[in-house]
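Heads up, the thing below is written out as structure tokens.
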Amino acid sequence: MELIINALWITLLGMGLTFGAIVLFWGMMSLITAIPVREEKEEIRITEPDSLALPETGQKAKAAAVAIALALAEQEQQQVAYFPMPVTAFLSAWQLGMRTRQMTQKGNSKR
Amino acid sequence: MELIINALWITLLGMGLTFGAIVLFWGMMSLITAIPVREEKEEIRITEPDSLALPETGQKAKAAAVAIALALAEQEQQQVAYFPMPVTAFLSAWQLGMRTRQMTQKGNSKR
Amino acid sequence: MELIINALWITLLGMGLTFGAIVLFWGMMSLITAIPVREEKEEIRITEPDSLALPETGQKAKAAAVAIALALAEQEQQQVAYFPMPVTAFLSAWQLGMRTRQMTQKGNSKR
Amino acid sequence: MNLGEILPQLLTGFTSFSLGNAFMLLVGGILIYLAIAKEYEPVLLLPIGFGCILANLGMSVYDEHSFLKVIYDAGITSELFPLLIFIGVGAMIDFRPLLAQPKMVLLGAAGQFGIFGTLILAIWLGFPLNEAASIGTIGAIDGPTAIFVTSKLAPDLLGPIAVAAYSYMSLIPIIQPPIMRLMTSRKERLIRMEYAPRPVSQTVVIAFPIVVTIIVSLIAPGAAPLMATLMLGNLLKESGVVERLNKAAQNEIINIATLFLGLAIGATMTSDKFIFDPATGEWQLRTLLVLGLGLLAFIMDTVAGLFFGKVMSFFSGGKINPLIGACGISAFPMAGRLSAKMAQDEDFDNFILMHAMGANTAGQLGSVIAGGVLLAIVSTMM
Amino acid sequence: MNLGEILPQLLTGFTSFSLGNAFMLLVGGILIYLAIAKEYEPVLLLPIGFGCILANLGMSVYDEHSFLKVIYDAGITSELFPLLIFIGVGAMIDFRPLLAQPKMVLLGAAGQFGIFGTLILAIWLGFPLNEAASIGTIGAIDGPTAIFVTSKLAPDLLGPIAVAAYSYMSLIPIIQPPIMRLMTSRKERLIRMEYAPRPVSQTVVIAFPIVVTIIVSLIAPGAAPLMATLMLGNLLKESGVVERLNKAAQNEIINIATLFLGLAIGATMTSDKFIFDPATGEWQLRTLLVLGLGLLAFIMDTVAGLFFGKVMSFFSGGKINPLIGACGISAFPMAGRLSAKMAQDEDFDNFILMHAMGANTAGQLGSVIAGGVLLAIVSTMM
Amino acid sequence: MNLGEILPQLLTGFTSFSLGNAFMLLVGGILIYLAIAKEYEPVLLLPIGFGCILANLGMSVYDEHSFLKVIYDAGITSELFPLLIFIGVGAMIDFRPLLAQPKMVLLGAAGQFGIFGTLILAIWLGFPLNEAASIGTIGAIDGPTAIFVTSKLAPDLLGPIAVAAYSYMSLIPIIQPPIMRLMTSRKERLIRMEYAPRPVSQTVVIAFPIVVTIIVSLIAPGAAPLMATLMLGNLLKESGVVERLNKAAQNEIINIATLFLGLAIGATMTSDKFIFDPATGEWQLRTLLVLGLGLLAFIMDTVAGLFFGKVMSFFSGGKINPLIGACGISAFPMAGRLSAKMAQDEDFDNFILMHAMGANTAGQLGSVIAGGVLLAIVSTMM
Ligand code: NA
Ligand code: NA
Ligand code: NA
């Protein structure tokens, strides 16, 4: 019996701490996402908001749209995974040509 | 001399066990390959059997055919090696769109 | 003070050995590059020498040429990195077809 | 030479092979069958099944000179394998759906009740605390978390617990739907959720993994390594400046770790730990109990998740579809996919995928935290 | 500071460099030359050659603080490298040609006689049993097997044995043909083999590696780790459901293991083990003997294989071309390719490639078994 | 159960968190910011930054059961990580531009003066010899070299030294130009260099890495492991017969090693080593000194390099553009790129890229040698 009570204590503590952490997450997320997005281009609207305002119409279209978006995103990720760009730290002399161009594009401000 | 006799014993034992295992393999293979192939589509005839029945004719053609088959198979393997499909355990949320479709295709029976 | 003198000794020794090794490199490189290049095809002239003889003209063109060369070289390297050829030690039976052809091309002399 | 001495040595393969071993070969074969024919988490069940076969042919992690012992010590005892896998998983998770609807995160906590419910049951069934807690982690419904905690509390149970965790995870589409139908009315399942996510800036997406790591390390240090590696992987992906490392995490690192993790865990499944221990002369019924309790853990998680979903639905004035509560259990991303599908089955135009994924990723976070908290509590009591 | 103390320390590079070291640098250079110019198993001979050079510049596995010692302990002492390589090799072997003609497997046993023939010779030449057995493994004509067995019986011989095994393997097309012509009549070489393979179902292809693992572990426990990893790789490939792991086995795992295996083995080739040991003051003639015996091993393997091929040809009533006996030695897939070519040289329309590959994969199996059996027997006698 | 006992245990996350830790989280955050927003060597600064955060959340390499300690021991204590990275770097360097103009190699020696200049300053500032030497290695302007030497002489300084080395390396385009303008006249910068390289045969390109390894191992044994691995990578690439290994070196090996190297080094950056040590009760001002001295090292390297460039220019009768002297510091390939750009800024038609790259690769060689020599000398004096 005493063991069971122990177990109940553990449950109380465990669920309590879990909920505690999660609630903190909630606050934290509301906080950081509240910060207004400066650069427009950075915004990532996962689907068109206005088409969502009227949820009765064109649902299929929306679903399709999302599916495609997802597909594209995935594809993109795949490429990331299989055709990584070279990284500064590992440049070889031969990759120099490209870099030089890049640098000219960026301008000196960055580096 | 006694060492040589030892070595001969080792040879006897060693070749004996090796042949023993190999003979077991023979039996095992004859056994498992004897099981009639249910699904036709599963069959893998490495080359056309009838063209093999008359080994005098069209040998070059056959050789070519095999070579091509091999080449294709290899290519396939290469792709396997460099464009692996994502696996359930590692799906990312963005890969969901594709998965959903897959699931619909497969039907619920499987999962 | 004695420590500083120590440090100066270390500097003397260190720079000395470094220069020593580098000078050896110089000699070694002059030596091995002095060996006349037998196979013409092996030669690697990084840019056209004659266009370099008259450095006043067509510099931009040259720069471009180099840049392109570099770009191509890099690309090549990338391919190396992502589409390696199979190696003898790891051949699979299915890769045999290709190998056989290769062998015929090479002739027996090599293997 | 003295054949009388040598022959017995050569025949150890046969002489040390017991009926129990034969049975375990069958078990290993079944796992491989499920992996290949049914595609139940093949990347894990296939290596586990093969490892199980090797374990009962003299290559278990308990045999001093077995190469699988070397791998076990290098990756399980050192805790590295589950963490390496998490680096890769993190690089494959996308938290945008969650960041776009922060309150969804609450569902990630409710879905962990199964962990503790199972622990209580296991204690009641007479399991010692460390084993009971390990069994509870099946309720985390997250392989690496369950393995990480179990490897510290009760390594002998790694086999059955990992098998239960991954098998049931593949069975989610069979386990959850009946419970969903039972606990939710058609009216509830028909609820459509408005989807007007806040725009999520790249800055936020990058800051998130860092902040989460800090919060969890402070509140639940036990969960810190798991959460840290998960978030590291996510940071590698979202930063966008280290594609080389992102690629390594999503491929080389996770693949190699997964293969050897599976083998090593399978190699713990010897017959004397699974069926009958000649030494103590007792049958290992606990193995079956673990499998049974694991199933209960999944069910309790789902029930708790759905219940909490209904509560949130009530307080939101029916704006939330309780089905997404069932994604809080983690089992990422199958659970999320399933809830969305259930809603669509009722009404093809009801599209709650993004909400479900939000709750599902929240479940992933909740699982790691709950697992870590459990580990911390139990460690202090032992 | 006291230059008198420091200078000698800085010049250890020169002071510790002996004539023997200089000679070994040459040896390493020759190996690298063979690897690059002649393409003799470059993936192995190049790292071995470079490792040999490092070993004689103060970075051998016998130097306490050498990074190559770390690698050696991690991969050779632990036996992991050859096993990891086998996982990759297994993922590249296809057993269908063998499964399509089961009786071909018998040729895989005969081709191992060289192992034991060489052992007898080595004993007769005065080698201790453990070294004699290690030298015999060159006759397995399978790198990982030879290295696995030698690393357990006589690690000091790893260098010459690995070098012999891989060099001669590249020389197969030069070593075998004369023997083939000598031992077979033109009439025999002209024999055409009917090729009507049984259809091989995917189920069989998947079951095969599992069953083989079980049989070998029971009959020849010594060969279990090698066979298990080889078959694991094959299962990863044939299962078709774990492409991630299959890819990892065929690339990351085998490539990394091969590079460091080669380096570590090369790093054992110090001049005092190879040429002259100042400590004992004796010349290491055994190195040359190893190279000589290794060549004999290859020859004996081929002879035994061809002889058995003739026997099978006789009993089959001339339906079997004895040339395929020469593929039983393993040396996969070069030997198989060569036999097919020999037959084609006599008659361009004689196409025995599939039979040759069947015998060749059988040789691979036979080599592992024979190697393991040898290891088991000798271990019990030490 | 006794909450009084357990609660404190659960709150260790908070109780063990100090103000110093909070500050270090900020430091880690800044490093991550520089990596992502400014792209300062992201593949290294991002893992280092994240590791720094973990180190101050109870997962430092000094915590007994931290997984980062496992990684640290496996890769830093064993010296493997920097060497593995060098195998990959070697496979990405092309020595043709240097081989085409051998005398350029001299510039690679001058550019190392900063190492020793910094050492003298550090001694003068009261640093013990081992720390002073480690700080000097920042002047090698080559990450793996600095880390390799420091990990042997003063592991506690790994964090600040690695951070300084990689941050300043990204700042090369800001640090060097003013010095270049200051030390060279416009007339000098306008010097055009004739470019008629000797043809370089493939044989030479392949022989080069082998010969370099031998020379360095004899003259500077301390630099042997670094140079050997660098040259091994180069040989893998240039040999052209082992693409599998070349690919592994350029991808799997270097990526995995880099990720864990960064994490492990970051995990040494605990607040008590960086800011204030409660044990000794003293502030760690040395951290700031290291950062300051590191910057001086870069400047001294550049000055020495340019000065030597002017000397060569003088003796060559104005045929050499002194700007290429600034590439002798290594920082491959940014420094080479920059010098070429400086010359082009003065005169768009002045194209000295190939000369700059020759000097830059020479700097890479010089850095490794100087680092190794320093390690050898200091080791003998401790
Ligand atoms: Na969960
Ligand atoms: Na053999
Ligand atoms: Na430098």
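Residue numbers (the working numbering), protein chains in the order written: chain A, 3 to 113; chain B, 3 to 113; chain C, 3 to 113; chain D, 157 to 538; chain E, 157 to 538; chain F, 157 to 538.
Glycine is no exception: its CB is placed at the ideal position from the N, C-alpha and C atoms.
The model shown is predicted, which means the values in this text are computed figures rather than measured ones.
By Cβ distance below 7 Å, which residues in the same chain neighbour residue i in space, the five residues on each side in sequence not counted?
| i | result |
| --- | --- |
| Leu10/C | none |
| Ala526/E | Gln268, Ile271, Ala296 |
| Pro590/E | As shown, chain E starts at 157 and ends at 538. That puts residue 590/E outside it, with no answer to give. |
| Leu386/D | Phe242, Val245, Gly246, Val524 |
| Leu72/B | Any answer about Leu72/B is weak, because its pLDDT of 48 lies below 50 and its placement is not dependable; what the coordinates show is given next. So no residue of the chain qualifies. |
Compare the C-alpha of residue i against each of the options and name the closest.
| i | options | result |
| --- | --- | --- |
| Met31/B | Leu386/E, Ser523/E, Ile362/E, Phe464/E | Ile362/E |
| Lys388/F | Ala247/F, Leu521/F, Ala413/F | Note on identity: in this sequence residue 388/F is Leu, with Lys being the wrong assignment. It is Ala247/F whose Cα lies nearest to the Cα of Leu388/F. |
| Ile347/F | Asn506/F, Asp312/F, Leu521/F, Leu441/F | Asn506/F |
| Ala482/E | Pro164/E, Arg493/E, Leu462/E, Met468/E | Leu462/E |
| Ala321/D | Pro333/D, Lys308/D, Phe304/D | Phe304/D |
| Ser341/D | Thr536/D, Leu166/D, Leu479/D | Leu479/D |
| Asn177/E | Leu159/E, Gly207/E, Leu382/E, Met537/E | Gly207/E |
| Met339/E | Ala405/E, Thr424/E, Phe464/E | Phe464/E |
| Gly552/F | Ile249/F, Thr536/F, Ser172/F, Thr233/F | Nothing about residue 552/F can be read from this structure; chain F reaches only from 157 to 538. |
| Leu277/F | Ala265/F, Gly264/F, Thr293/F, Leu262/F | Thr293/F |
| Pro284/F | Ile330/F, Ala193/F, Val446/F, Ser326/F | Val446/F |
| Leu14/C | Pro164/E, Leu175/E, Gly315/E, Leu159/E | Leu159/E |
| Gly474/E | Glu350/E, Ala384/E, Ser395/E, Leu255/E | Glu350/E |
| Ile34/B | Asp250/E, Ala453/E, Val356/E | Val356/E |
| Pro353/E | Ile279/E, Arg252/E, Ala302/E, Pro381/E | Arg252/E |
Which of helix, strand or coil does DSSP assign to residue i?
| i | result |
| --- | --- |
| Phe432/E | strand |
| Glu139/E | Lying before the first or after the last residue shown, residue 139/E is absent from chain E, which here runs from 157 to 538. |
| Glu438/F | strand |
| Gly519/F | helix |
| Leu462/E | helix |
| Ser486/D | coil |
| Asp457/E | helix |
| Gln500/F | helix |
| Ser326/F | helix |
| Val257/E | Looking at the sequence itself, residue 257/E is Gln, so the reference to Val does not match. Coil at Gln257/E, not helix or strand. |
| His221/E | coil |
Given residue i, which residues of its chain have a CB within under 6 Å of its CB, disregarding the five upstream and five downstream residues?
| i | result |
| --- | --- |
| Gly273/F | Met456 |
| Asn402/F | Ala247, Leu392, Lys393 |
| Pro539/D | The structure shown does not extend to residue 539/D, since chain D is modelled only from 157 through 538, so no value can be given for it. |
| Ile70/A | Low confidence applies to Ile70/A: its pLDDT is 46, below 50, so where it sits in the model is not reliable, and the reading given next is rough at best. Closer than 6 Å at the Cβ level, and outside the excluded window around Ile70/A, lies no residue. |
| Gly16/B | none |
| Ala496/F | Ile508, Leu509, Ala512 |
Tell me which same chain residues have a C-beta within less than 8 Å of the C-beta of residue i, skipping the five on either side of it?
| i | result |
| --- | --- |
| Leu530/E | Ile271, Phe272, Leu275, Ala289, Gly292, Thr293, Val305, Gly378 |
| Asn8/A | none |
Does the region 168 to 175 of chain E come into contact with the region 515 to 524 of chain D, if we say contact requires no fewer than three beta-carbon pairs (one atom in each stretch) closer than 8 Å? no
Is the region 374 to 385 of chain D close to the region 198 to 212 of chain D, with three or more CB pairs under 8 Å? no
How about the region 417 to 425 of chain F and the region 220 to 228 of chain F: do they share at least three Cβ pairs that are nearer than 8 Å? yes
For the region 404 to 412 of chain F and the region 405 to 413 of chain D, state whether three or more C-beta atom pairs, one from each stretch, are separated by less than 8 Å. yes
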